[in-house]
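**Student:**
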Amino acid sequence: MSKVAEFYFLSHIFISFIGATLLLVLWINIRKRFKTILEEDGSQKRVDKGLLYLSLAMFVWVFSGCWSYFGFSFTFEDTTAFQFGIHLLSIVNNMFLLLALFYFYYAPRFIYHNKKNIRLIIAIIIVTSLFTFLLSTFSETNTIENGIDLSGVPDLMLSGLLCTLLGITLYRTFAYRGLKVVALISILIVFLMFSSQLSEVFVHYGSDFSNNLTKIIAKTSLISIFLVLATSWVIRLANTPKPNEMTISFLDWSLVKISIPTKAVFEQTIDFGSKTTQYKNLLKFAIRRKYGEGDSQSLLVSLGGEITNQTYLTRIINNINTILELDHTQTLDRRDLFTFIGEGRYRLRMIPDHISIDQTLLEEFLKTPENSNYATFINTSISSYN
0 MSKVAEFYFL SHIFISFIGA TLLLVLWINI RKRFKTILEE DGSQKRVDKG LLYLSLAMFV
60 WVFSGCWSYF GFSFTFEDTT AFQFGIHLLS IVNNMFLLLA LFYFYYAPRF IYHNKKNIRL
120 IIAIIIVTSL FTFLLSTFSE TNTIENGIDL SGVPDLMLSG LLCTLLGITL YRTFAYRGLK
180 VVALISILIV FLMFSSQLSE VFVHYGSDFS NNLTKIIAKT SLISIFLVLA TSWVIRLANT
240 PKPNEMTISF LDWSLVKISI PTKAVFEQTI DFGSKTTQYK NLLKFAIRRK YGEGDSQSLL
300 VSLGGEITNQ TYLTRIINNI NTILELDHTQ TLDRRDLFTF IGEGRYRLRM IPDHISIDQT
360 LLEEFLKTPE NSNYATFINT SISSYN
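Under numbering that gives the first Met the number 0, the residue at position 273 of the sequence shown is numbered 272, and the numbers go up by one with no gaps.
1) In the DSSP output, which residue or residues are listed as bridge partners for residue 201?
2) Assuming contact is defined by CB atoms lying nearer than 7 Å, are residue 290 and residue 354 in contact in what I supplied?
3) Compute the Euclidean distance between the alpha carbons of residue 139 and residue 236, then round it to the nearest angstrom.
4) Return helix, strand or coil for residue 272, following the three-state DSSP convention.
5) If you draw a straight line from the alpha carbon of residue 311 to that of residue 277, how long is it in whole angstroms?
6) Does the separation of the CB atoms of residue 198 and residue 210 fall below 7 Å?
7) Can you tell me which of 282, 345, 1 and 316 puts its alpha carbon nearest to the alpha carbon of residue 373?
8) I need the straight-line Cα distance from residue 308 to residue 288, nearest angstrom please.
9) Run through DSSP, which three-state label would residue 305 get?
10) Using the DSSP secondary-structure output, state which residues sit across from residue 267 in a beta bridge.
11) Spell out a yes or no on whether the stretch 26–36 and the stretch 205–220 are touching, meaning 3 or more CB-CB pairs, one atom from each, closer than 8 Å.
12) For a quick check, are the C-beta atoms of residue 12 and residue 59 less than 7 Å apart?
13) Does DSSP put residue 248 in a helix, in a strand, or in coil?
14) What's the C-alpha gap between residue 79 and residue 182?
15) Could you check whether the stretch 321–329 touches the stretch 340–348, counting it as contact only if at least three pairs of C-beta atoms, one from each stretch, sit closer than 8 Å?
16) Distance check for residue 16 and residue 106, CA to CA, integer angstroms please.
17) Taking buried to mean at least 16 other C-beta atoms within 10 Å of its own C-beta, is residue 192 buried or exposed?
18) Mind checking whether residue 240 and residue 261 have CB atoms under 7 Å apart?
19) Apart from the five residues just before and just after residue 167, which ones in its own chain have a Cβ nearer than 7 Å to its Cβ?
20) Please state whether the Cβ-Cβ distance between residue 215 and residue 10 is less than 7 Å.
21) Could you name the residues of the same chain whose beta carbon sits closer than 8 Å to that of residue 382, not counting the 5 residues immediately before and after it, in chain order?
22) Can you tell which of 71, 6 and 63 has its C-alpha closest to the C-alpha of residue 0?
23) Pull up the distance between the alpha-carbon of residue 129 and that of residue 2, whole angstroms please.
24) For residue 75, does the count of other Cβ atoms within 10 angstroms reach 16, so buried, or fall short, so exposed?
25) Taking residue 52 as the reference, which of 63, 334 and 101 has the closest Cα?
26) Report the three-state DSSP secondary structure of residue 20 (helix, strand or coil).
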């Protein structure tokens with residue numbers, strides 16, 4: 000093993016271990032301090048484990064570095080056992096990164112809290128890694144004449160997919176949190192992560208020194224980005240209103256009185272005016288939350304659902320921000336008023352006792368043919384309660 004390779008492996012192990020430990024400690028501390036917010040929906044057991052899975056992915060890097068170091072130190076890097084260990088650790092690392100994206104609010108919608116698609120992608124990861132292992136084990140020669148290692152192509156394609164998903168997620172997350180510079184830097188770092196793996200396929204790509212240097216820079220920078228991500232998550236959690244402190248009252252058609260102390264909003268009246276669709280959607284959420292139980296407290300927001308598009312939720316929030324003229328420190332986010340249950344279902348965050356609906360308004364709402372199903376829903380809930 001060359002001195003350059005030894006330096007890379009030892010640096011990789013040390014940096015990954017420190018980064019993984021810091022992320023794990025941060026996650027444990029955040030869980031203790033913000034347990035109420037993170038577990039407000041006890042029936043769904045919705046615990047945010049995104050940072051935990053990122054930490055575990057870093058610990059896999061540690062094991063991978065140790066395995067590679069001992070493989071080259073004891074010269075068994077060309078054996079089937081060594082290749083099996085490398086590909087097994089690659090599978091586990093990719094799965095942890097993917098599971099982390101499952102909890103990222105700004106991840107692509109086909110991943111965020113979508114168990115069906117997550118299982119499908121994990122299956123693809125396993126199949127791809129096994130295919131890579133078989134190629135590297137049973138192929139007589141791994142390198143063709145133009146210098147491309149065929150056994151590494153499937154893994155590189157998979158890494159390209161995961162890097163794309165990670166880049167989109169990090170960019171959206173930091174951009175929406177007002178960290179545009181960090182968002183752009185995160186894209187650059189993810190690109191470096193992908194480019195650092197090109198030498199595994201293109202055997203003449205760069206030198207040992209430049210390739211190992213790129214890997215060290217990319218992994219160190221990615222850990223730094225994850226630490227910034229954890230910090231921004233703490234700030235968001237600290238500014239998230241508690242469900243038991245918010246109140247909402249439906250006074251009349253288009254009129255709502257709302258109180259969110261965390262955002263310095265106290266008993267302010269909102270007139271939706273001509274925005275009747277927004278008002279009706281908000282009223283539907285309030286009725287569901289106040290009179291429903293379990294899944295009946297939420298609404299399906301997707302094609303085929305009672306609300307067909309998430310844009311309608313965003314419009315409610317944007318309209319409230321505009322009417323109340325909230326500054327950037329008070330601006331409401333969709334998650335301040337709505338809890339994402341999973342599989343396209345959303346629920347109002349206020350507790351039922353803090354939701355009041357004028358009786359005359361409720362009766363008028365139920366008289367509308369399209370809302371007749373709510374009459375049965377409310378009567379059933381009240382009868383069950385009594």
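No residue lacks a Cβ here, since even glycine has one placed at the ideal position from N, Cα and C. From a predicted model like this one, the values you see are computed outputs, not experimental measurements.
**Tutor:** Put simply:
1) As a first step, residue 201 is located in the sequence shown; it is residue number 202 there, counting from the start. According to DSSP, which records beta bridges pairwise, residue 201 is partnered with 147.
2) For the purposes of this step, residue 290 is taken as the residue at position 291 of the sequence shown. For the purposes of this step, residue 354 is taken as the residue at position 355 of the sequence shown. No; because the gap between Cβ atoms is not below 7 Å, this pair is not in contact.
3) Position 140 of the sequence shown, counted from the first residue, corresponds to residue 139. Position 237 of the sequence shown, counted from the first residue, corresponds to residue 236. Residue placement at residue 139 is flagged as unreliable, the pLDDT there being 48, under the threshold of 50; the coordinate-derived value follows with that caveat. Answer to the nearest angstrom: the Cα atoms are 55 Å apart.
4) Residue numbering aside, residue 272 sits at position 273 when the sequence shown is read from its first letter. Three-state result, residue 272: coil.
5) What you label residue 311 is simply residue 312 of the sequence shown in a count that begins at 1. What you label residue 277 is simply residue 278 of the sequence shown in a count that begins at 1. For residue 311 and residue 277, the distance between alpha carbons rounds to 7 Å.
6) Working through the sequence shown from its first residue, we reach residue 198 at position 199. Working through the sequence shown from its first residue, we reach residue 210 at position 211. The answer is yes: Cβ separation under 7 Å.
7) The sequence position of residue 373 within the sequence shown is 374, counting from 1. Ranking 282, 345, 1 and 316 by Cα distance to residue 373 puts 282 first.
8) Within the sequence shown, the letter at position 309 stands for residue 308. Within the sequence shown, the letter at position 289 stands for residue 288. For residue 308 and residue 288, the distance between alpha carbons rounds to 20 Å.
9) The residue given as residue 305 occupies position 306 in the sequence shown. Correct three-state label for residue 305: coil.
10) Working through the sequence shown from its first residue, we reach residue 267 at position 268. BP columns for residue 267 point to 257.
11) no
12) Here residue 12 is taken as the residue at index 13 of the sequence shown, counted from 1. Here residue 59 is taken as the residue at index 60 of the sequence shown, counted from 1. Not a contact, by the Cβ cut-off of 7 Å.
13) By one-based count along the sequence shown, residue 248 stands at place 249. Of the three classes helix, strand and coil, the one that applies to residue 248 here is strand, per DSSP.
14) As a position in the sequence shown, residue 79 is number 80, starting the count at 1. As a position in the sequence shown, residue 182 is number 183, starting the count at 1. Cα to Cα, residue 79 sits roughly 41 Å from residue 182.
15) no
16) Position 107 of the sequence shown holds residue 106. Position 17 of the sequence shown holds residue 16. Their Cα atoms are separated by approximately 26 Å.
17) As a first step, residue 192 must be located in the sequence shown, where it is residue number 193. Classification of residue 192: buried, given that the 10 Å Cβ count is 16 or more.
18) By 1-based counting over the sequence shown, the position of residue 240 is 241. By 1-based counting over the sequence shown, the position of residue 261 is 262. Yes, these two residues count as a Cβ contact at 7 Å.
19) The residue given as residue 167 occupies position 168 in the sequence shown. Here the set comprises 107.
20) Indexing the sequence shown from 1 puts residue 215 at position 216. Indexing the sequence shown from 1 puts residue 10 at position 11. Cβ atoms of residue 215 and residue 10: closer than 7 Å.
21) Mapped onto the sequence shown, residue 382 falls at position 383. Because residue 382 carries a pLDDT of 49, less than 50, the predicted location of this residue cannot be relied on, and the following value inherits that uncertainty. None.
22) The sequence position of residue 0 within the sequence shown is 1, counting from 1. Residue 0 has its Cα closest to that of 71, out of 71, 6 and 63.
23) Taking the sequence shown and counting its residues from 1, the one referred to as residue 129 is at position 130. Taking the sequence shown and counting its residues from 1, the one referred to as residue 2 is at position 3. So the alpha carbons of these two residues sit roughly 32 Å apart.
24) For the purposes of this step, residue 75 is taken as residue 76 along the sequence shown, with counting starting at 1. Classification of residue 75: exposed, given that the 10 Å Cβ count is below 16.
25) Position 53 of the sequence shown holds residue 52. For the residues 63, 334 and 101, the minimum Cα distance to residue 52 belongs to 101.
26) Taking the sequence shown and counting its residues from 1, one reaches residue 20 at position 21. Of the three classes helix, strand and coil, the one that applies to residue 20 here is helix, per DSSP.
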